Every structure is written in C-alpha cells, then in structure tokens.
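Notes to accompany the following structure.
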Amino acid sequence: MDRPKAKYIFFTGAMLLLFLIPLLGMAIPAELRIMEAQSSTRSDSIRPDSAPKSRRELRQQARQQREAERMQKEFEKLSVEEGSATPGGTIDSLLQLEASNQASSSIDTSPYSRQDSLSKSRPDSLTRDTVNQDKPKKAFLDDIVYSKNKDSLVYDVKNRTVYIYNEGDVSYQNMSLKGDFMRVNLDSKMVLAYGKSDTINGEATVTHPTFTEGSSTPYSMDTITYNFNTKKAKIKGVATQQGDGWLIGNDVKKLDDNTSYIRGGKYTTCDQTDHPHFYLSLTKAKMIPGKKVITGPAYIVLEDVPIYFPLLPEGFFPLNTGPKSGLLMPTFGEDATKGFFLRDLGYYFAIGQHVDLAIRGGIYTLGSWEASATMNYMKRYKHSGNLLFNYSSIRVGDKGMPDYTSQSDFQLYWRHQQDAKANPGSTFAALVDFRTSGYNDYSATSLNQALQTQTNSSISYSKSWLGTPFSFSSSMTASQNSQSGALSITLPNAVFSVSTFYPFKRKEAMGKAKWYEKISLRYTGKLNAKINAQESDLFSRQTFEDMQYGIQHTIPVSASYMLFNYINFGPTVNYDEKWYFKKTEQVWNPVTNQVEKLAPEYGFYRLYNYNFSLQASTTVYGRFESKKRTRKIQAIRHTLTPTISFSYAPDFSKQKYGFYKTVQSDSLGNTKTYSPFQDGIFGGPTSGQSLNLNFTLSQTLEMKVLSKSDTTGMKKIKLIDEFRIGALSYNFLADSMRLSTIPLSLRTTVIPNFGITINATLDPYRISPQGQRYNKLFFPGRISSASTSFGYTFQSRQDKSTPAINDITSSNMDPIYSNPFYDPYGQMDPAQRRILMSQTYYDFSLPWNVGFSYTLSYTAQAVNNGTTGYRKNLSQTISVNGSLTVLPKLGVSFQGGYDFQAKKLSPATVTVIRDLHCWQMSFTWIPFGNYKSWSFNIGVKAASLSDLKYDKSQSMFENMY
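First residue of the sequence shown: 1, per full-length UniProt numbering; consecutive thereafter.
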C-alpha cells in the first residue's frame, strides 16, 4: 500500500473513532457511571487499572476480591438454607397471616433466582398514602449508592445488585437498615443483611444487623430479608425491647403495618438477650409494637431448665408505656392466727392521665377478711399525692373459747403536696395517718409498723400577700397513741399575723433616725379549738362539751438602741388578750366533801394581761494568739454573750380584774383561788405580781490550728458549739424561793461528724423527806433532770466523691443533704431511726458501714419516802445498725439495740439481699422477742412480671397468741 493511501485510511479511521467515542460514552448506563465514580472515590477495589499501583495496594485489592468471593459463597449458601428451613404451609389461626404470605414458603435469596412472592404482593389500597408517594427508582438507587459503609460498595451490573461490606447503613424513606453485609436488588428492592464474626478483647463475637422503621423500637437480628416496596420482611434470630421486657424470636414474619408473627419466641425482662437467665418460652406469638403481645401456649424456662407447670394456655402482655386498667394478681400463703389466705386480689383502674385507683381484697380461712383502696393523683406543676383506706375484720381463735377475738379496724392515710410553682404566695400540704388503736396489733405487715405506737397527722394551708406585712395560716393536727387510745385533735389552728413594722418611721429618711422611729410593732391573732378524748369517746356529747376553743390576740411593742457602741438595749411591752365563749365555775359539795365543777356557762368573756421588760446584751471576746508561727495551735477564741433583763407583770388575780374567784376547799372552811377560765385553750390570766431579774450566758470556744490540707494553711475547729446557762431568774416580789431552777445545755462536735449534746436542770433548793421543796438553798444545786445523746457511723466507701444511698454518715450529718437521717446530736428517737433505716434502698457499692446511737436520761421524781424525798429514774439505751457487702451482689443489713434499764435486747432485724441481675432475693429474720419471725422472697425485678415470685414466711403474730 502506498503512503498516500495509508495516510488516507489512517485519517479516516481516526475521524470515525473520534465520532464513535461520544456515542459509546452515551450508551454507558448512567447508573454504571455513577457507580464507577462513587466506587473510584470510596474503594480501591474498583478503581481504574490504568492508575499505577504499589505492591501493598495490589495485595489489598486481592484480599478484598477474596473476601467478596467468600461473602458471595456464604450468601448463596445462606439463601439455599433459608429456602429449605423456612416453615411452609399455613400458620396457626392465632397468627392469621395473609393468604399471599401463607402460600409463600420462603424468600429466595439466590442471586439468579426468580423474584420472591413478598415483592409481588399487592399492598392494600386503603393503606396507600396519596400524599407521600414512593420515590422513583432513581431516588432508591441514589439512597443505595450514597449509603454509608466502611469498606466497599460493589455493583453487579448484569443482575442489578449492590453488595455493601462492613458497617453498611441504608436509609430509604422512614426505614433504616444497618449491617456488616447487605445485598440489595435494585429491581425488586429486596435487601438481605446479616452480621459477621469478630473478635473483641480476645473474645469471639458476632455482629447483628439492626432495623428501624419510623419511630418504632429498633430490631436486632441474625439475618433479615426485607422488601422496601411491600415493607414486609422475614427475620431470623430477632430481639427487640418492648416496654420493660425483651421479645426474642427464632422465625419472624413482619407485615407492612409492623405487626410481627413469631414462631419459637421468648419473652424476658433480662437484658442479656443472647442467653437470658429466664424467659417465657412462646410456641407462637403475635406482636403489635407499642400495644400488646398475644401468645399461644407458654411455659417458664429458668437457667435453661424448662418448668412446664404451670403451663399457660395463652398469654397477654401489654406493651404500652402508659397505665391501663386490669386485674391485680393475688398472693397465696398461710397466717398462723388467721389461716390460709388469698390476698391482694383486685382491679386497677386507669381513670386518666392524672388519677388512678387500685381496689384490693383478701380472705382468710378462719373468718377474717380485708379490703383496701389506693388512689394516686398527680398534675404537673400543680400537685401530687395519694390516698389509702384499709379496712379489716379480724377473727382470731375459736369462737366460744376464752382467747377468741373479733374486732374491726381501719386505717386512713392521705398525703398531698403542692408544687411551689402552682400558686406563688400560698401553700397547701397534708399528711394524715389515722388508724384505730387495734390496727397495728392484727393488721401490721412489718416489724416497724408493729412497733409504731404514736401517729401524727396534719393538714396545713398558708397564704402571704406579697408586698404587704400580712400572712395567714391554718392547720389541723392530730396525735394518736395506739396503746392507750388517747387522741388529741386541734381543729382549726388559724393564725393571722402582721410582721414587724415601724409605725413612726419616716417614708423618706433624712439624717439620723429619731429614737421613736425605732419603735416596732407586731400582731398575731389565733383561733384554736382542741379535743382531748379517748378514741372510743370521740363523738360523744361529753367530748364536745369538754372541747377547748378561743381566740387570742398578741401585740408586742419594742425598740432597740445601741449604748456605748457595745450594748444592745431595748424595752418591750407585751399585750395579750383572750376571748373565750364559756366558763366553768366551781362549788364546794358538802355531801361529797369535794370541790366540783358546775356545768359550763356560755357567753362572751374577754380576758387580758400585759407585762413590761427591759433587756440588755453584749458580746465579749477573749483571744489567745501564739507568737510562734510554727506552733500547731495558733489561736484560741472564747466568746461570751451575756443577756440581762428586767420584767414586771401585775397580779391579775386581784378582785378588781374579775378574772379569779374563791371557793371553799375543805370541810374546815379554808378557801382557794381559781380562775373559771383556767381550762381554756390559751390558759387563764397570770396570777401573782412579779418583778424578775433574768440572766442568760451563752459561750463558744474555737481554735485555729495549722493545716496542710487547707489552702489558707489554717483550719478552724469548734471545741464547744454552745454552752448555755439560763435563763436564770430571780423574783424580787415572791414571798419565798425567789430563785428559779437553772437550765444548762452543752453542744460540741470535737470529732467531725460526731456530735454530743448534754442537757441538765439544777434545783437550787433543798427537798424534804416528804418530797416537798422548802426555802433553803443547796449549793451547788441538785440535779433534777439530765439527758445526753450521741451517735456515730463508721463506714468504708469505695467512691468517696459522692454519698452512697444508704451512707448514714453523709446523709445524717450534712444539713444540706435532704434526708430524714439528719441528726448530728443523736436526738432522734431510736425506734423512729430504725424505721427510717429499714426503708432505704440497699446500696451494694458501699462495702460496709456500722452506726450506733446512745441515749441516757435521768430524772429525780419527788416522792414521800421519808429519806431523800425523791426517787431516781434512769433510762439508758443503745441502738446499732449497719450493712455489709459480703460479695459484689450480696449484702447483709442489721439493726437492733439494748435497754440497760430493762436488761434486755430490743427487737432486732437481720436482712440478707442478693442481686440476681434480673431477679432479686431477700431474707429477713427477727431472731427473738414478741415479733420473732422470718420471711423469704425471690422474684423478678421488672414491674411487668412482678407476680413471677415466690414468698415464704412465718408470721410475727405466731409467737404472740
């Protein structure tokens, strides 16, 4: 071929090639070009071969190719296994699957197989959303192409299939699927996902895909085959949390409405879903997310041991988070005094968002029965509370026998608390605990309740008018002794007060204040009514006749001035007025030779009294400072605050006031003075003229020492918090024994968190052998009463940065820490302290703690014994409580005490608690005393299966009858 012809052919071919290249480029599918661009930027496995590659890159590409082939083989193997293992035929009527799903025996996941029937099922036209239409095919492709992964994304052009490796995340519309391997068919929109084996911290693990649709709970599973078109899926090894439990299924079919049909399922409250400690084995189940789970026959499996009895023919588990009405399951057992029982059977009423009601009842084979109603209510930012009413009809012993007892008792408990934001300036609160005297004897369910002899109730309301000095409060209080049956009720106790104001103070002060501008005024008005009676006579006519009621007005006028820059000086005038509406006069009865009270005379009676006082006080400091800066003790400061006052009160028993009368007191004609108003709720007017000199001395002692732990290098230590003498008074107008008794008190906390308080009263006069005080001084004074108390807790806490829940020291000694244990000087009643201790939750993070409290009281009671004239009464008790964490999940707590005067142990309790992860076991033992008993309990922690428990106990009443 000659050169010109060859040149012409070459030129023509080049032109033709240039013309065909754009056409060939247009013929390449857009999807493939997008995939190539995406893959070239995100994965080395499909980048152009024209780029130079290092050996390391070639090895990495080879490894990825081998991994892809291995995953493809596993995928094909899994597809074959799934096609053969999925149950065929129809499902039980409980599951009620659609006919299209029943005809489909499996989802074929082979890369070259025909499309599955799930993708061909026609969605219900009623459920189609005409507003939010499905995305076009290209939008679905974009969601797949731009999905997240940590390894690679491979596109099979021939089969239009995408393979996603290593932590893939595909989101389409409101659905999200995550897994370590996923295969997506772009035509049928079918996706298969499963996890892979891995090693974490040397332990072999398997990752699990997770699936989420909308706001529903995520699903964790072994494998899932999901159709994005029909929103149906087949799942193997699924686990999803519903409420406080977990639902686990071997084979699950999920429909487009999120309803799931499960074969071979488990329901448990144990969060170790791979191997739960216990579960209810479900042969078949239907789950409606967020609503309920309905099951077929089920039985309990405990630590892989099946318990076929009792076999549940069917089950129902509500999954909603809100309250729902339903049956309350009973408890069975035996009581030694009442026989076998069926208790706590009832019904729960979910009345609304803010109120619920539970009604329970119980019967005993020996004739006793009980009923109760409990109501809880709460409105956010408004109020909250609960109301409880218990009624019991007790039959103990055999009818006709001497030990037979029949009685009815009840308890009314009401707690109400108003939110501070509900009504600024006013508050309302209630804490009512009223019970008949025999309620604790037969209906107590715990040692603490049986030991409780005194109950107190209160209902209070207060109102203050912002920007004004006016305030109002009203309350009802009740005190009840279950042993004696004594009842004291104050209703109402209304108080209207005007806070301190200065009536003569100028609105615009100019220059130095005048002396009269420092005069202050205050007013308090009270309306009280009080009943003291026995429980059985509460509504009798005599009780209402003996009721005390009245109105009192108190107006103090005072002023405060500074003398010589060191002395606080101020006069005070107190005016007190009482309004009564009945009086009771007395008369001598010559027949009985006694003074008797007449019937009350009703009307309006006004009484008043007033007094004057003058007070002066100052503060004196004594200070010692070390001259050497290296001494441990750098300074000591002694603070004294003396207060002296004079007070004068007229004698309102004089005849001119008309507040007192005389009556014959014996057959000899002697008379005595009395006030017809002495039984009034506020008492009668003062009798006898008095001119008193009062003296009080308060002292503190502090020390400053060197400290390396303090940033200032110094540390202050209070040696004596307060040592107080007084108030001591001397009455110049008394005819004899002008000196009063001398009260003393001492408080100290030398050791941190260890407070001691000592109180004593000295009588300066002697006492006769007949027990009568007479006008002769006795130095240094006779101790008429004394008491001391203290307590301390030793503990070992692992984490000292935050107080533990049952850490007695941190809660008991810190006033900022809101806890009823705050009692730095051990003044709390030991029995009440034990009650509070038993109500706390056991904290396993506290290895051990031991606390004790000691109380000592002494009184000298005047008696006619012919020798000393008084009898010594000594009371001395010690109480001990503590807890010990024997093992990380095993704790022991105990409480008890000793009465030195009675020389016997007080009731003691030992409790052993074992945390069993999703279960909890406890054993309580009262080893001796009238309340000797024991109880054993093991049960599931979660509320949904709280009835799955076992109780065994010996009643405390078995040792009492």
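The beta carbon of each residue, even a glycine, is placed where N, CA and C say it ideally should be.
All values derive from a computational prediction rather than experimental measurement.
- Within the same chain, Cβ atoms closer than 8 Å to the Cβ of Ala908 are found at Phe894, Gln895, Gly896, Gly897, Ile926, Pro927, Phe928, Gly929, the five residues on either side in sequence being excluded.
- Following the DSSP letters along the chain, one finds Glu535 in no alpha helix (DSSP H), marked with neither H nor E.
- Under a 10 Å Cβ-count criterion, Thr619 is classified as exposed, with fewer than 16 other Cβ atoms of the shown protein chains found around its own Cβ.
- In this chain, the alpha helix (DSSP H) harbouring Arg541 covers 541-545.
- The continuous beta strand (DSSP E) containing Ser471 extends over residues 470-481.
- Collapsing the DSSP output to three states places Arg773 in a strand.
- Burial check for Phe341: the Cβ neighbour count within 10 Å reaches 16 or more, so the residue is buried.
- Taking C-beta atoms as the reference points, Thr269 and Leu282 fail to come closer than 8 Å.
- Here DSSP, grouped into helix, strand and coil, assigns Lys708 to coil.
- Taken through DSSP and simplified to helix, strand or coil, Leu948 comes out as coil.
- For Val863, there is no enclosing beta strand (DSSP E), as DSSP marks it with neither H nor E.
- About 10 Å separates the Cβ atoms of Asn864 and Arg871, ruling out a contact at the 8 Å cut-off.
- Counting only residues of its own chain and dropping the five nearest sequence neighbours on each side, Arg773 has a CB closer than 6 Å to the CB of Tyr765, Ile767.
- Assignment of Leu874 by DSSP, reduced to helix, strand and coil, places it in the strand class.
- His208 counts as buried, since at least 16 other C-beta atoms from the protein chains shown sit within 10 angstroms of its C-beta.
- Check the Cα spacing between Thr641 and each of Phe695, Glu625, Arg183, Ala942: the tightest is with Phe695.
- If only complete runs of 3 or more residues are kept, the region 675-758 shows the beta strand (DSSP E) at 690-706, 714-731, 742-751, in order along the chain.
- Judged by pairs of C-beta atoms under 8 Å, the region 639-658 does not touch the region 530-539, as fewer than three such pairs exist.
- Contact between the region 681-692 and the region 725-740 is present: three or more C-beta pairs spanning the two stretches fall below 8 Å.
- Here Leu607 is near Lys578, since their CB atoms are less than 8 Å apart.
- Going by beta carbons, Gly869 and Pro743 fall outside the 8 Å limit.
- DSSP, reduced to helix, strand and coil, places Ala422 outside both helices and strands of the structure shown, so it counts as coil.
- Here Lys232 carries a strand assignment [DSSP, helix/strand/coil].
- Note that the C-beta distance between Met703 and Ile633 is below 8 Å.
- Annotated three-state conformation of Asp271 is coil, per DSSP.
- The beta carbon of Tyr413 sits closer than 7 Å to the beta carbons of Leu388, Val432, Asp433 from its chain, once the five residues preceding and following it are set aside; these are given in chain order.
- Between Pro318 and Lys292, the beta carbon gap of about 5 Å places them in contact (Cβ cut-off 8 Å).
- The C-alpha of Gly603 lies about 6 Å from the C-alpha of Lys582.
- Here the alpha carbon of Tyr279 sits roughly 53 Å from the alpha carbon of Ala486.
- Taken atom to atom, the span from the alpha-carbon of Gln795 to that of Thr712 is near 29 Å.
- Counting C-beta pairs closer than 8 Å gives fewer than three between the region 656-666 and the region 486-504, which falls short of the contact rule.
- For Val396, the CB contacts under 6 Å within the same chain, skipping 5 residues up- and downstream, are Thr337, Thr405 in chain order.
- The beta carbon of Gln454 lies closer than 8 Å to those of Ser479, Gln480, Asn481, Ser482 in the same chain, with the five residues before and after it left out.
- Using a Cβ-Cβ distance cut-off of 8 Å, the region 504-521 and the region 456-465 are not in contact, since fewer than three pairs of beta carbons, one from each stretch, lie closer than that value.
- The C-beta separation of Asn166 from Asp156 comes to about 18 Å, leaving the pair out of contact by the 8 Å criterion.
- Rounded to whole angstroms, Phe316 and Gly361 show a C-alpha spacing of 24 Å.
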